[in-house]
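Colleague: Quick one: the structure is below, and I'll ask about it shortly.
Numbering (the working numbering), first residue to last: 824 to 964.
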């Protein structure tokens, strides 16, 4: 039996995009990938991310925001940055086989848009991440 490929997904706060990506990749191909997510400046998982993931049947409510420092010495097959800030300020991962950058829009901070507008952006970003990860899983089996 072959071991699962290890994937680390990074963004700034580990609060939305990377959290959704972690839940999505586990759902799409958790049988082939061991998935973690982390942030350069971790905060907490946004309730909007939990809500829009629940809408598609994926529960990320038990996921927690984690610091990238926790994973620096670990071996990963793929380190995926999902925002430009993480790409620029991410520590070196000497044990990463492949580093990938795919930027996704940062959903608005609370109060920057109406709740309906904010959820619409979260849904769009979720769907863009899902589409990307379906292809990622297909191309890296």
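The C-beta atom is built at its ideal place from N, Cα and C for all residues, glycine as well.
On a predicted model such as this, the values are computed, not experimentally measured, just so you know.
(1) In angstroms with no decimal places, state the Cα-to-Cα distance between residue 899 and residue 869.
(2) In the DSSP assignment, find the alpha helix (DSSP H) that holds residue 959 and state where it starts and stops.
(3) Output the boundary residues of the alpha helix (DSSP H) element that contains residue 841.
(4) Considering Cα atoms alone, identify which of 855, 834, 839 and 901 is closest to residue 941.
(5) Could you check if residue 859 is buried or exposed, using at least 16 other CB atoms within 10 Å of its CB as the buried criterion?
(6) Scan the region 846-907 and note each continuous beta strand (DSSP E) run of 3 residues or more that stays entirely inside, going in chain order.
(7) Where DSSP assigns a beta bridge to residue 922, which residues make up the other side?
(8) Among 843, 826, 852 and 901, which has the Cα closest to the Cα of residue 961?
(9) Buried or exposed for residue 877, please, with buried defined as at least 16 other CB atoms from any protein chain shown within 10 angstroms of its CB.
(10) Starting from the Cα of residue 936, find the closest Cα among 846, 863, 871 and 843 and give me that residue.
(11) Using a Cβ-Cβ cut-off of 8 Å (strictly less than) and excluding sequence neighbours within five positions of residue 952, which residues of its own chain qualify?
(12) On a CA-only basis, which of 956, 895, 862 and 850 is nearest residue 883? Give me that one, please.
(13) Can you tell me which of 827, 829, 855 and 865 puts its alpha carbon nearest to the alpha carbon of residue 909?
(14) Reducing DSSP to helix, strand and coil, say where residue 909 ends up.
Modeller: Reading it off the structure:
(1) CA-CA distance, residue 899 to residue 869, rounds to 26 Å.
(2) 938-962
(3) Going by DSSP, residue 841 is part of the alpha helix (DSSP H) stretching over 840-852.
(4) 839
(5) buried
(6) 856-862 and 899-904
(7) 902
(8) Measuring from the Cα of residue 961, the nearest candidate turns out to be 852.
(9) exposed
(10) 871
(11) 840, 843, 844, 847, 905 and 927
(12) 850
(13) 865
(14) helix
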